[in-house]
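Note sheet for the following structure.
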Amino acid sequence: MPNIYGPADTETENRPKAPQGSSALYNFFDVTVKKDCDEKDAYAGRVKNAHFRVKLTQVGIIPYSHLYNHMSNKSTETTKLSLYQQCMDIMLKSAMLKVDMMAFGGSPRAFYFPPEYQKDLIGNAGKLASYFGQYDKHSYFPMVGLSQATRFCENGGVFINTDSVIDWFNRGEHPSSSSSYNQEAPKPVCILDDKSHKIAGVKIGDVNRPILDRRVQEDIENALNKLTLHVKYKRPVDPEWAARQRERGKSQDWIEQRNIFVRRNKTMRPDPREGGNNTCIKWAADDPNIYTFELKPPRPRRPRNNDGTPGTTMEQEAQPKEEEAKEEEPPGEMITVYHYFQRRYNITLKYPKMPIVYIGREGWYPIEFLYQAFGKAKAANSSEQVRDILSYYDSHAGPKCVEYIEHLNNRLNVLQSKMGLDIGNIMSQFNLRKSDQPLRVMAKVLQEPVLKFQSMEGQLRNGSWNLNRVKFDTVADLSSFAVLDMTPGRGINYFRNLLKVCVNHGMTLPENVNPEQMMDRVVHTDNRARNPGEIFDAVSTAIEKARYEILLDRSELFQSKKVWFKSRVINKSNGLVEDCLVIPPPQNIDNEVGIILREDVWRHTHEITNVHNGETANARIMGKFVGYDAVDPFNYRWNGQSHEVRSSANSNSWTRAEFLGHVYALDDGKTLVSEAEIERSPMPTMRLETWQVECPCVLLVFLPDNTSERYHIVKMASHFSFGVPCQCAVADTFSRQKNQDQYCSNIALKLNTKLSNSWNKARAWGTYFNTGGGQEGGIPWVKDVPTFVMGIGVSHGLGADSISVIGASVALDEGCMRMAQELKVQTKSDMIADSVMQDIVKALAIQFTTANKGKSPERILVYRDGISEGNLNRSKENELRSIRQAFYDFHRMYYPNFSCDNSHCEGRGCLFCTPPITFIVCQSQHSIRVVPDEEPADRNKNVHSGTCLDHTVMDFRNKLNMTETLPEDPSIELFEVKDEGYDFLLTAQGGLKGTSKPIYYRVLLNENAIWKKGPTPLTKDALQLCTYHQSYQYGTATKAVRSVPVVYYSKRLAEMAMGYINYLRGRKGELPDTVGGVIGNQLEDVSEEEQKYLPRGRDGAPIGRFKFVRQDADPNESLPSEIRTELLPSFSPFERRLEDSNKWRSPFRPHLSA
0 MPNIYGPADT ETENRPKAPQ GSSALYNFFD VTVKKDCDEK DAYAGRVKNA
50 HFRVKLTQVG IIPYSHLYNH MSNKSTETTK LSLYQQCMDI MLKSAMLKVD
100 MMAFGGSPRA FYFPPEYQKD LIGNAGKLAS YFGQYDKHSY FPMVGLSQAT
150 RFCENGGVFI NTDSVIDWFN RGEHPSSSSS YNQEAPKPVC ILDDKSHKIA
200 GVKIGDVNRP ILDRRVQEDI ENALNKLTLH VKYKRPVDPE WAARQRERGK
250 SQDWIEQRNI FVRRNKTMRP DPREGGNNTC IKWAADDPNI YTFELKPPRP
300 RRPRNNDGTP GTTMEQEAQP KEEEAKEEEP PGEMITVYHY FQRRYNITLK
350 YPKMPIVYIG REGWYPIEFL YQAFGKAKAA NSSEQVRDIL SYYDSHAGPK
400 CVEYIEHLNN RLNVLQSKMG LDIGNIMSQF NLRKSDQPLR VMAKVLQEPV
450 LKFQSMEGQL RNGSWNLNRV KFDTVADLSS FAVLDMTPGR GINYFRNLLK
500 VCVNHGMTLP ENVNPEQMMD RVVHTDNRAR NPGEIFDAVS TAIEKARYEI
550 LLDRSELFQS KKVWFKSRVI NKSNGLVEDC LVIPPPQNID NEVGIILRED
600 VWRHTHEITN VHNGETANAR IMGKFVGYDA VDPFNYRWNG QSHEVRSSAN
650 SNSWTRAEFL GHVYALDDGK TLVSEAEIER SPMPTMRLET WQVECPCVLL
700 VFLPDNTSER YHIVKMASHF SFGVPCQCAV ADTFSRQKNQ DQYCSNIALK
750 LNTKLSNSWN KARAWGTYFN TGGGQEGGIP WVKDVPTFVM GIGVSHGLGA
800 DSISVIGASV ALDEGCMRMA QELKVQTKSD MIADSVMQDI VKALAIQFTT
850 ANKGKSPERI LVYRDGISEG NLNRSKENEL RSIRQAFYDF HRMYYPNFSC
900 DNSHCEGRGC LFCTPPITFI VCQSQHSIRV VPDEEPADRN KNVHSGTCLD
950 HTVMDFRNKL NMTETLPEDP SIELFEVKDE GYDFLLTAQG GLKGTSKPIY
1000 YRVLLNENAI WKKGPTPLTK DALQLCTYHQ SYQYGTATKA VRSVPVVYYS
1050 KRLAEMAMGY INYLRGRKGE LPDTVGGVIG NQLEDVSEEE QKYLPRGRDG
1100 APIGRFKFVR QDADPNESLP SEIRTELLPS FSPFERRLED SNKWRSPFRP
1150 HLSA
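Take 0 as the starting number for the sequence shown in numbering that gives the first Met the number 0 and just add one per residue.
What follows is the structure in structure tokens.
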């Protein structure tokens, strides 16, 4: 349809021609468009045109036989079918554009009905109808539309996948009063609302006074960053100029329009002349101390000749050319924006104390000249917007979702018929007939797992359960905590309630101290912290205060009771976490503490000196109690009220006892030396720097609201700078709870998951599955042999010059509930760079092997999120290659005598020397909906949790994912393969609001269906059940989640880091100098086939790809790559101090994003 993408063909200029030396046909199209607005824009006449000549060349013809072969279920070329699919998609999109459906972005998937249809289409769905009756209340409104795409499926199926879409749009204008949408004169949406005293929806107070509150300034800047802007103001008409125009036949309306200045569809951006300060707003138009610029004096007008060409004055004719060239411009005058408009255009600003905004090369404009442009709203996720959209989806849930899509599709057909378009006739050109009925298929419901808590089974109901009156299966130890209250003291009730609920669920609170007394000592309150530097300082103060009070025991919380703070250290001999008791240092030392380990790990605690003969000896400190001569330090405690002694070794039974003092046991195990017999203050035999002891184990933060910037800075400070897990709660949310214990239960669940490690092996519940002989614990198939279950999630920044943040998680146990995580950052790319992927996999393989006491993975199961349809093959080729290489390198590091017998391996990793891989892409951005054929009798309108569909609508490439080439080696055992394809749609979640959307699992490779590395193959049924049961292992929710937790955790980690990474890059906000940051290192391993995908500069040359490293790691180039790219070393298998990296370890807490 050339009339959509350019001018219609003519018989002259656009006639097909054959280029010289080629038989290919091509067309030229001359295209004229408006640079900054749509051609239907009211001010399109005031916007410049842009002219293009487009050349379209015929590059090939797709024979119909390929489509016929596919529909006849015969083999055909996949590339040809993909081209057919693209052609049909373009046809569907062009048909929607033809009837004025609205699309946004360069490659739109969704097309929206015009605004005048929206009120009727939305109707009374939820609360959205109010947005069409209260125009002045909201500057945004909802719009519905359709997305349509062609699907070529297995067994010759061809489908049009249609789905409804709804999004928020910023209004460009308000209809007047209560009139219908398109009646009466509309009013533009002013950025400055002088009636309600708001700028972009932010309350500002007096419009005649400058805005001085930094918090309000930040809110305004954030609000304007989300908007597209129009500039409009009217200049006074020059009477002489107007008279000349009337003489030339111009109308008064034309004269008025020519004096309206407009700039359309601009965005606020930093002024490059401000020296990289990212300044977008100046906070007054008339203050010379805030902003002035140089105004050059106007040049004298040159006379014109009769033919209209520039003339010269007599003085200019008499002046030599060289002197004219040497003449300097007279100096300009420094002037404010307010005085500029007053002097230049005789315009007096109504609000000179209000801000001015920079919108690019056009310069700075007063806020009163700015208007909101119509367009898709950015970050439209306020609580009100989310609530109203959920209400809309809920009113069209289940079977009603299909009915509503049919309704929208019928409306589109009516519009197309009016324009003379008949999709049925177009389809018939492909020998296809379009059905108007939705597809009906048979699905299956997978078997639910059995969840067990410490003393009871969970009661499952459609993928949901609760924590009421249950104790967690294996509890974490909350041995210490830092506390930051960012409200005016409102958090103390929450913190105490949280401790109570943690005890109810069986979690271990700090030993040898009253937890509430510790809470009162360590809490730091700071409700003034707003900007990044202040928030960082608040986090720093809270953590240092906890270390001061707990680790150094400066207030003698522990010493006064003759006990010690119980914590963890890492045993350097084996990398495992060990229990320890901390001996506080003298008052003049604050960077070193004494350590007491369990007797079977390190017996001696002190070096003592006899007061009588001066002899020294190593001894172990013990407690003396009434009835007990010597009790090991780990066998007595202070319970907050009195001392207690453990009844027997390894027992959890305690007996109250009266403490008499300390004694020291010598190596013979018999001799006890009293404190009176030794010199005072004996020296601990083991001393460590304070950073080597875990304290605090978590940072508890009480936020005043859910502002994302504050949350991200808190996470950045705790994770990147201090290496402490962080758990946030929101005051507004907590105060609204009817059942605050339930809210705290959910926080306790997150804490138990986040504090899980190789020492406590904490998990809230155990997962079991039914077999013919009873129940087995763990995830089906995964539990058979050590299986490396890894999930990868990617968050991409905005713009070409941006980044991709990669989060990765690996399950450390057969139940897939204990996790270790990795975080990497690279230049923005759809693919993970080879070396970055290798660094991720090697670090997680070390975590897995260390946590499993030296057992390395025998099989690999990878869930990859964030891959588009067009990049499936690239992901399969590149990322699989990197995973094999990483495991080859890992085996060489872990096993000194490792080698590969395959002569073709060449050190790259192959099927013979690395574990078999199953590589699955989890696609959530699709439009397939699976709903019940009839609406269920209960209130749930969706399919049941565990509904699985694995036929009919699977992609036509599903059967092509088998390993075709099998190695011929008698030492290799293979399973007999029965399945033809492994893709499936799984609705793991029980729907709450709206229509449940399944995850489309695309199995790109399944070597575990063939390779006999365990007792059972990974068949289609085994993979589906394994994936479904993992959905119950998300340790922050009491519901089966939509995707597998290894992917959910990875995406959360990536999105969390994306929220603060630009602070570390120095591109956003100001942080203290002590924070450090990240810098980019050039990647040298971009493969030749990937070169064409690199971003390119203006000169067409490819821009290099980078991976980011910590600044404190960059100077040490001798460090291995996997250590240099470690952005969060405290949670990694490498030493926190980057220079001491030759040992592997199991970190204190490897799980970040629970």
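We put the beta carbon where it would ideally sit given N, CA and C, even for glycine.
Rounded to whole angstroms, P354 and I366 show a C-alpha spacing of 6 Å.
Rounded to the nearest whole angstrom, the CA to CA distance from M518 to N587 is 25 Å. For T1073 against R762, the beta-carbon gap comes to about 37 Å, at or over 8 Å, which does not count as contact. Distance check between S744 and each of D631, R928, V469 and I542 places V469 closest, using alpha-carbon atoms only. Boundaries cannot be given for P583, as no alpha helix (DSSP H) includes it and DSSP labels it neither H nor E. P683 is bridged by DSSP to H605. Membership of E876 in the alpha helix (DSSP H) is indicated by the continuous run L871 to Y893. The C-beta separation of Y887 from T917 comes to about 18 Å, leaving the pair out of contact by the 8 Å criterion. Looking at G639, Q428 and Q256, the one whose alpha-carbon comes closest to that of Y83 is Q428. Beta-bridge annotation (DSSP): L91 is not paired with any residue.
Beta bridge pairing from DSSP links H50 with T31. Rounded to the nearest angstrom, the gap between the Cα atoms of I1122 and R1104 is 19 Å.
L556 sits close to Q516, with the two beta carbons spaced by under 8 Å. Taking the Cα of C725 as reference, the smallest distance to any Cα among V713, V449, S734 and Q736 is reached at V713. Taking V929 as reference, the option from G989, Y370 and S478 with the minimal CA-CA separation is G989. According to DSSP, residue pairing for Y111 in a beta bridge involves M101 and G144.
Here the alpha carbons of N160 and L145 stand approximately 10 Å from one another. Excluding residues up to 5 positions away in sequence, W167 lie with their Cβ nearer than 7 Å to the Cβ of Q384 in the same chain. Around the Cβ of F897, a 10 Å sphere holds fewer than 16 other Cβ atoms; the residue is exposed. Exposure of N288 is indicated by the presence of fewer than 16 other C-beta atoms within 10 angstroms of its C-beta. Per DSSP, S381 has no beta-bridge partner at all. Sorting A43, E172, S1120 and Y403 by C-alpha distance to the C-alpha of R262 places A43 at the top.
Each residue's CA atom was taken as its position, placing L420 and Q256 some 38 Å apart. Distances from the alpha-carbon of C279 to those of F768, Y290 and D599 put Y290 closest. Secondary structure at V206: coil, using DSSP grouped into helix, strand and coil.
For H1028, the three-state secondary structure derived from DSSP is helix. Excluding sequence positions up to five before and after D900, its CB lies within less than 7 Å of the CB of F911, all in the same chain and listed in chain order.
Between the alpha carbons of N1061 and N276 lies a distance of about 14 Å. CA-CA distance, P1132 to D838, rounds to 12 Å.
Nearest to F721 by C-alpha distance, out of S828, L698 and Y893, is L698. Scanning its chain for C-beta atoms nearer than 6 Å, with the 5 sequence neighbours on each side dropped, one finds around R891 the residues F897, in chain order.
Of F480, C36 and P487, the smallest CA-CA separation from L508 is found for F480. With a contact defined as Cβ atoms closer than 8 Å, P187 and Y370 qualify at about 4 Å.
Inter-residue distance for D212 and G200 is about 16 Å (C-alpha atoms, whole angstroms). Distances from the CA of I866 to each of I998, E933, N756 and N769 were compared; the closest alpha carbon is that of I998. About 16 Å separates the Cβ atoms of F974 and L860, ruling out a contact at the 8 Å cut-off.
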